[in-house]
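Asker: Dropping a structure here in structure tokens format, bear with me for questions.
Chains as they are written, first to last, in our numbering: chain C, 1266 to 1511; chain B, 171 to 443.
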């Protein structure tokens, strides 16, 4: 079971046509169409990327801004189907997104735990029974019945993190390592993340923090303009990345 | 265990509907969220949400009853006629714009978590429908004052609400794509909705128009929706078979079209966000 492949990505490509000038208003689109100034280009956000991640492994994705790292996470979260190639993901996926993105300020802490957890694909009944434990970890038991607009940003971050990490998924997607909250929260969230990583789930970690890659990743890939430039041991991949930057 | 394989082909519309059905517990929570935010936290919440349609009706009633002296066919009363019109337009406008808005504002989550965005659109149109039910309270009062009563056709109200929900969900999905792609689409849709309101017999009787204009007004699907609502609740109009067919046809057509267009376009939007 420990060698079970959680992700199998074969030659995944994500291409789309976009306007050269990134027009974002109907007015500009109309003017450009009339003046025949609309020009399109084919853009490859991902270009023939292949890799596998097994249970217990942590794959780190590095590369410059716009290299396709976030697109790859969207493909893995099955939000975005690849235009060609094949991706197989076995089991439950939990993305660790910007903390509090799925929250509504007018709802109470308890209501937000329910909503956010269900949004992350968990069963509503299970969520109901987990509210107390989640609030306990977030140290917010006394504040559960007030709307979270009265919370401080640190409290919101704690609640979101506690909800997101309440169950261990088969695949954990991390976009940048957390750096919010006070020192106590940082230590506890780091410990919890590491515990999840060691509990046998597969992890895909996207980050610019190369020290974190060296300490956490078992393997790494380096993306540049959507294509995979290097893959293998974290140290070797980081060297390849540095060689390109120089 | 859930296995996601991107090579398994997805049937347009059908697989989206299946996805919504599988996550119906989330849909329930989203509707509850909308209603909670609107009503629970304030005692006057329900009345507050009715303030807009009631105030609009009061202004229009004054203008058209006093200034223009609107004349309806015999046996129909202007105030309930007008209030049904305003409630129907509110249901349509609110459902449509909230459906599009819920997807546009939820984009941050929807691009990172696997959730069918169509669920967000549904939750918006369903909560608008519930909002509409509250609007029936003042309408019933007005009907009784004018010596009318809801009548035996009232159960058909459910058909009207179902059709409106499908209609606004489909249109809202397409509007959501515009909202996310073009910053200025929000102000443009308001102009369009205003024009549509004047093209719907909210405050004037259709018979007051010339034959050519009448034909144009009948091409607007909302005319059929509104006439049916007036017919089944209060008897302030007589809906024709043509109008029933128009309502049923457009609701299914735009619902399917909205799901189809959204399903084809959304991945491209997500890729760019």
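Even for Gly, the Cβ is constructed at its ideal location relative to N, Cα and C.
Going by other Cβ atoms of all chains shown within 10 Å of its Cβ, with 16 needed for buried, is residue 1414 of chain C buried or exposed?
Answerer: Sequence index remark: in the first chain, residue 1414 of chain C carries index 149 (1-based). Its Cβ having fewer than 16 others within 10 Å, residue 1414 of chain C is exposed.
Asker: List, from N- to C-terminal side, the alpha helix (DSSP H) runs of 4 residues or more that fit wholly inside the region 379-413 of chain B.
Answerer: Counting only runs of 4 or more, we get 381-389, 391-402.
Asker: Spatial neighbours of residue 258 of chain B within its chain, please: C-beta separation below 7 Å, excluding the five flanking residues on both sides.
Answerer: What you label residue 258 of chain B is simply residue 88 of the second chain in a count that begins at 1. For residue 258 of chain B, where only same-chain residues beyond five positions count, the Cβ hits under 7 Å are 395, 396, 399.
Asker: Residue 1448 of chain C to residue 1508 of chain C, Cα distance in whole Å?
Answerer: As a position in the first chain, residue 1448 of chain C is number 183, starting the count at 1. As a position in the first chain, residue 1508 of chain C is number 243, starting the count at 1. Each residue's alpha carbon lies about 35 Å from the other.
Asker: Determine the direct distance from the alpha carbon of residue 1335 of chain C to that of residue 1379 of chain C, and round the result to whole angstroms.
Answerer: The residue labelled residue 1379 of chain C in the question sits at position 114 within the first chain. The residue labelled residue 1335 of chain C in the question sits at position 70 within the first chain. For residue 1379 of chain C and residue 1335 of chain C, the distance between alpha carbons rounds to 27 Å.
Asker: Check the Cβ-Cβ distances between residue 450 of chain B and every residue of chain C, and say whether any is below 9 Å.
Answerer: Any question about residue 450 of chain B goes unanswered here, given that chain B covers just 171 to 443.
Asker: Identify the continuous beta strand (DSSP E) that holds residue 1459 of chain C and give its terminal residues.
Answerer: Working through the first chain from its first residue, we reach residue 1459 of chain C at position 194. First-last for residue 1459 of chain C: 1448-1463, but that is the alpha helix (DSSP H), not the beta strand (DSSP E).
Asker: Closest to residue 297 of chain B by CA distance: which of B/375, B/308, B/203, B/389 is it?
Answerer: The sequence position of residue 297 of chain B within the second chain is 127, counting from 1. Closest by alpha carbon: B/203.
Asker: By Cβ distance, which residues of its chain are closer than 7 Å to residue 393 of chain B, with the 5 residues on each side in sequence left out?
Answerer: For the purposes of this step, residue 393 of chain B is taken as the residue at position 223 of the second chain. Cβ neighbours of residue 393 of chain B beyond the five flanking positions: 370, 371, 387.
Asker: So residue 1262 of chain C is in the alpha helix (DSSP H); what residue range does that whole segment cover?
Answerer: Since the first residue shown for chain C is 1266 and the last is 1511, residue 1262 of chain C is missing from the structure and cannot be characterised.
Asker: Hey, quick one: how far does the beta strand (DSSP E) through residue 1317 of chain C stretch, first residue to last?
Answerer: Position 52 of the first chain, counted from the first residue, corresponds to residue 1317 of chain C. Its beta strand (DSSP E) spans residues 1305-1319.
Asker: Just to confirm the assignment, what range does the alpha helix (DSSP H) spanning residue 204 of chain B have?
Answerer: Numbered from 1 along the second chain, position 34 holds the residue referred to as residue 204 of chain B. Unbroken alpha helix (DSSP H) run through residue 204 of chain B: 194-205.
Asker: Specify the secondary structure class of residue 1487 of chain C as computed by DSSP and reduced to three states.
Answerer: Your numbering for residue 1487 of chain C matches position 222 in the first chain. Three-state result, residue 1487 of chain C: strand.
Asker: Could you tell me whether any Cβ in chain C is nearer than 9 Å to the Cβ of residue 281 of chain B?
Answerer: Position 111 of the second chain, counted from the start, is the residue given in the question as residue 281 of chain B. It does; some Cβ of chain C falls within 9 Å.
Asker: Considering only C-alpha positions, which residue in the set C/1302, C/1313, C/1274 is nearest to residue 1284 of chain C?
Answerer: As a first step, residue 1284 of chain C is located in the first chain; it is residue number 19 there, counting from the start. With distances taken between Cα atoms, residue 1284 of chain C lies closest to C/1302.
Asker: Just checking: is the beta-carbon of residue 1353 of chain C within a distance shorter than 9 Å of some beta-carbon in chain A?
Answerer: Checking the listed chains, one finds no chain A in this structure; the protein chains it contains are C and B.
Asker: Around the C-beta of residue 1339 of chain C, are 16 or more other C-beta atoms found within 10 angstroms, so that it is buried, or is it exposed?
Answerer: Here residue 1339 of chain C refers to the residue found at position 74 when the first chain is read from its first residue. With 16 or more Cβ atoms within 10 Å of its Cβ, residue 1339 of chain C is classed as buried.
Asker: For chain B, check one thing: does any of its Cβ atoms lie closer than 9 Å to the Cβ of residue 1305 of chain C?
Answerer: One-based indexing of the first chain puts residue 1305 of chain C at position 40. Chain B contact via Cβ: absent.
Asker: Rounded to a whole number of angstroms, what is the C-alpha to C-alpha distance between residue 1330 of chain C and residue 1482 of chain C?
Answerer: Indexing the first chain from 1 puts residue 1330 of chain C at position 65. Indexing the first chain from 1 puts residue 1482 of chain C at position 217. In a straight line, the C-alpha of residue 1330 of chain C is about 20 Å away from that of residue 1482 of chain C.
Asker: Given residue 1403 of chain C, which residues of its chain have a CB within under 7 Å of its CB, disregarding the five upstream and five downstream residues?
Answerer: Looking up residue 1403 of chain C in the first chain gives position 138. If we look at residue 1403 of chain C and ignore the five residues flanking it on each side, its Cβ neighbours are 1423, 1424, 1427.
Asker: Check whether the region 298-312 of chain B touches the region 254-268 of chain B, taking contact to mean three or more Cβ pairs, one atom from each stretch, closer than 8 Å.
Answerer: These segments touch.
Asker: For residue 1416 of chain C, count neighbouring Cβ atoms within 10 angstroms of its own Cβ and tell me buried if that reaches 16, exposed if not.
Answerer: Counting from 1 along the first chain, the entry for residue 1416 of chain C is found at position 151. Classification of residue 1416 of chain C: buried, given that the 10 Å Cβ count is 16 or more.
Asker: Looking only at DSSP bridge pairs, what is residue 1493 of chain C linked to?
Answerer: Position 228 of the first chain, counted from the start, is the residue given in the question as residue 1493 of chain C. Bridge partners of residue 1493 of chain C: C/1488.
Asker: Can you find a CB in chain B that lies within less than 9 Å of the CB of residue 1320 of chain C?
Answerer: Within the first chain, numbered from 1, the residue matching residue 1320 of chain C stands at position 55. Taking Cβ atoms only, chain B never reaches closer than 9 Å to residue 1320 of chain C, which makes this a no.
Asker: Determine, for residue 385 of chain B, whether the minimum Cβ-Cβ distance to residues of chain C falls below 9 Å.
Answerer: Residue 385 of chain B sits at position 215 when you count from the first residue of the second chain. Cβ-Cβ to chain C under 9 Å: no for residue 385 of chain B.
Asker: Compile a chain-ordered list of the residues in the region 343-364 of chain B whose CB is closer than 9 Å to at least one CB of chain C.
Answerer: Cβ contacts with chain C come from 348, 351, 352, 353, 354, 355, 358.
Asker: With a threshold of 16 other CB atoms inside 10 Å of the CB of residue 436 of chain B, please say whether the residue is buried or exposed.
Answerer: For the purposes of this step, residue 436 of chain B is taken as the residue at position 266 of the second chain. Buried: at least 16 other Cβ atoms inside 10 Å.
Asker: Let me confirm a value: residue 193 of chain B is counted as buried when at least 16 other C-beta atoms fall within 10 Å, else exposed. Which label applies?
Answerer: Here residue 193 of chain B refers to the residue found at position 23 when the second chain is read from its first residue. By the neighbour-count rule (16 or more Cβ atoms within 10 Å), residue 193 of chain B is buried.
Asker: 9 Å is my cut-off, CB to CB: does residue 1386 of chain C come that close to chain B?
Answerer: What you label residue 1386 of chain C is simply residue 121 of the first chain in a count that begins at 1. Yes, residue 1386 of chain C counts as interfacial toward chain B.
Asker: I'd like the span of the alpha helix (DSSP H) that includes residue 1474 of chain C, first residue to last.
Answerer: The residue given as residue 1474 of chain C occupies position 209 in the first chain. Segment: none, residue 1474 of chain C is in no alpha helix (DSSP H) and carries neither H nor E.
Asker: Find the residues of chain C that neighbour residue 199 of chain B, judging by a C-beta separation of less than 8 Å, and give them in chain order.
Answerer: Start at 1 with the first residue of the second chain, and residue 199 of chain B comes out as number 29. Here the neighbours are 1379, 1380, 1383, 1389.
Asker: Pull up the distance between the alpha-carbon of residue 206 of chain B and that of residue 1319 of chain C, whole angstroms please.
Answerer: Position 36 of the second chain, counting from 1, holds the residue named residue 206 of chain B. Position 54 of the first chain, counting from 1, holds the residue named residue 1319 of chain C. About 43 Å.
Asker: So if I threshold CB-CB distances at 8 Å, which residues from the region 1281-1311 of chain C count as touching chain B?
Answerer: Against chain B - using a Cβ distance shorter than 8 Å - the residues of the region 1281-1311 of chain C are 1281, 1283, 1289, 1290, 1291, 1292, 1294, 1310.
Asker: Spell out whether any CB of chain B is found under 9 Å from the CB atom of residue 1356 of chain C.
Answerer: Locating residue 1356 of chain C in the first chain gives position 91, where the first residue counts as 1. Answer yes: the Cβ-Cβ gap between residue 1356 of chain C and chain B drops below 9 Å somewhere.
Asker: Relative to the C-alpha of residue 1470 of chain C, which residue among C/1462, C/1438, C/1332, C/1490 is closest?
Answerer: In the first chain, the residue the question calls residue 1470 of chain C occupies position 205. Checking every option, the nearest Cα to that of residue 1470 of chain C belongs to C/1438.
Asker: Looking at residue 309 of chain B and residue 250 of chain B, is the spacing between their C-beta atoms short of 9 Å?
Answerer: As a working mapping, residue 250 of chain B is identified with position 80 in the second chain. As a working mapping, residue 309 of chain B is identified with position 139 in the second chain. In contact: residue 250 of chain B and residue 309 of chain B (Cβ atoms closer than 9 Å).
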